[in-house]
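Participant: In terms of the working numbering, the sequence shown opens at residue 1 and continues consecutively.
Each residue gets a CB set at the ideal place from its N, CA and C atoms; glycine is no exception.
In this text the structure is predicted, and so the values were computed from the model without any measurement.
This structure is in structure tokens; I'll ask about it shortly.
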Amino acid sequence: MRAASLTTLELVNKGIGVVGGFVVAGLMPVMASLKSLYLSDNALCGATKFGEGTYDATGIKAIADALRDSASTLTSLNLADNYLADEGAKALAPAIAASTSLTTLVIHSNQIGDEGAKALAPAIAASASLTAANLLRNDFDVDAASMLLKAKQEHPTLTTLCGFKGDETRLNFSRQSLRPADAMLIAPEISVMASLTAANLLCNNLDKESATMLATVAKEKKISLCGIGLEQTSADFRGQGLEPNDSILIASDLGVRASLTKLNVRYNYNLGEEGKAAIKEADEAAIKGVRGGLTPKEAGETTTRAMRVPGVLGTRE
């Protein structure tokens, strides 16, 4: 197939590196029909997604220049897992701002820090065509996240900074190294997702403030933050390496999952006394809340179920 007629170029995890970036950049001006370009996990800046190797942003700069300078009709660009870092993000920013065709931008997991995110924010705001972006799992702080959120709010067509379609019923972000800035991007989006019932955000790098923010949204929308289904009756989190801030998410779930009769969080030695106490308090409050809406007979039965095995830190029944 001739390059001019290609609509999709998929080079995921091919190890093309910096040199491959130059090759792709050289092809882009002659690929007049190219709509989708997938280049994730290719060490485009010399370093792997784990940071191994020598960083060199010249390849991604060449791709950015080709995107900006050519008469590109590209609609979807995926550069995830390429260790772009701040320099790579800043190189991309002018191309994003100038593009009139790009609708989807995926740059998650790229070690983009504060400077890179702050360069991307006005570029995203200026983009005429962007409808979806994914910037999760980077290294920027909550101030940079605030700038990105402001850009999204002011953009007429951009609906997500997390790569969400909007019609998801479940999300799984467990053990994905999410940070407080990620929680800031996620919280406002799940708050308007009508079909979402459960999102697993356990075992990440959240702090107390970001976990509490997510819990506030989840309680209002009756969303599980631990991946517990609407009719699920038991949840086993034994030995999961839960941290104190995970207790905030679990406590939130106890308030929105009346069907849950068994919960086991044993052997999570990092929860600490405060985390354990928060879970137990939430459990007691949830049981009390259920009893408050029941007849005396039903309330008695609920009490019996709750006390059958004492303590939420073992099994709640």
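With 16 other CB atoms within 10 Å as the buried threshold, where does Ser5 fall?
Facilitator: Answer is exposed; the Cβ neighbour count stays below 16.
Participant: With which residues is Ala198 paired in a DSSP beta bridge?
Facilitator: Note: Ala198 sits in a beta bridge opposite Arg170, Ser224.
Participant: If you draw a straight line from the C-alpha of Glu10 to the C-alpha of Leu263, how long is it?
Facilitator: Whole-angstrom Cα-Cα distance: 44 Å.
Participant: Taking its Cβ as the centre, do 16 or more other Cβ atoms sit within 10 Å of Phe50, making it buried, or is it exposed?
Facilitator: That one is exposed.
Participant: With DSSP as the reference, please indicate the residues paired to Asn134 in a beta bridge.
Facilitator: Bridge partners of Asn134: Val106, Cys162.
Participant: On the criterion of 16 or more Cβ atoms from any shown chain inside 10 Å, does Tyr83 qualify as buried, or is it exposed?
Facilitator: Buried, by the Cβ-count rule.
Participant: Enumerate in chain order the residues of its own chain whose CB-to-CB distance from Glu274 is below 8 Å, with the five nearest sequence positions on each side excluded.
Facilitator: Cβ within range, chain order: Pro244, Ser247.
Participant: To the nearest whole angstrom, what separates the beta carbons of Ala151 and Pro122, a pair I think is in contact under 8 Å?
Facilitator: Right, their Cβ atoms sit about 7 Å apart.
Participant: Does Leu178 pass the burial test, meaning 16 or more other C-beta atoms within 10 Å, or should it be called exposed?
Facilitator: Per the 10 Å Cβ criterion, buried.
Participant: Rounded to the nearest angstrom, what separates Leu67 and Ser99 at their Cα positions?
Facilitator: Each residue's alpha carbon lies about 8 Å from the other.
Participant: Quick one: grab the DSSP three-state call for Glu243.
Facilitator: It is coil, neither helix nor strand.
Participant: Can you tell me where the beta strand (DSSP E) holding Ser36 begins and where it ends?
Facilitator: Here the beta strand (DSSP E) through Ser36 covers 36-38.
Participant: Measure the alpha-carbon distance for Asp86 versus Leu135 and round it to whole angstroms.
Facilitator: Cα-Cα distance, rounded: 13 Å.
Participant: Below 6 Å CB to CB, which residues in the same chain sit around Thr7 once its five sequence neighbours on both sides are set aside?
Facilitator: Same-chain partners within the cutoff: Ser33, Lys35.
Participant: Starting from Ala25, trace the alpha helix (DSSP H) both ways and give me its first and last residue.
Facilitator: Run containing Ala25: 17-27, per the alpha helix (DSSP H) assignment.
Participant: Rounded to whole angstroms, how far is the Cβ of Ala218 from the Cβ of Val256, which I believe are closer than 8 Å?
Facilitator: Confirmed, about 7 Å.
Participant: Classify Ser5 as helix, strand or coil using the three-state DSSP reduction.
Facilitator: Note: Ser5 maps to helix in three-state DSSP.
Participant: Looking only at its own chain, which residues have a Cβ that is under 6 Å from the Cβ of Ala235, when we skip the five neighbours before and after it?
Facilitator: So the list reads Ile228, Leu263, once near-sequence residues are dropped.
Participant: Below 8 Å on the Cβ atoms is my contact criterion, and I expect Ser259 with Gln232 to pass it. Report the Cβ-Cβ distance as a whole number of Å.
Facilitator: Right, the Cβ-Cβ distance comes to about 6 Å (below 8 Å), so this counts as a contact.
Participant: Find out if the Cβ-Cβ distance for the pair Ala64, Ala95 is shorter than 7 Å.
Facilitator: In contact: Ala64 and Ala95 (Cβ atoms closer than 7 Å).
Participant: Pick helix, strand or coil for Ala258, following the three-state DSSP scheme.
Facilitator: The answer is coil: DSSP assigns Ala258 none of H, G, I, E or B.
Participant: In whole angstroms, give me the CA-to-CA distance for Ala119 and Thr261.
Facilitator: The alpha-carbon atoms of Ala119 and Thr261 are separated by roughly 49 Å.
Participant: Checking 7 Å against the spacing of the C-beta atoms, do Ala199 and Leu230 come in under that value?
Facilitator: No, these two residues do not count as a Cβ contact at 7 Å.
Participant: Taking the alpha carbon of Cys203 as the point to measure from, which residue in Leu149, Glu209, Leu271 has its own alpha carbon closest?
Facilitator: The option with the nearest alpha carbon to Cys203 is Leu271.
Participant: For Leu77, which three-state DSSP category applies?
Facilitator: Here Leu77 sits in strand by DSSP.
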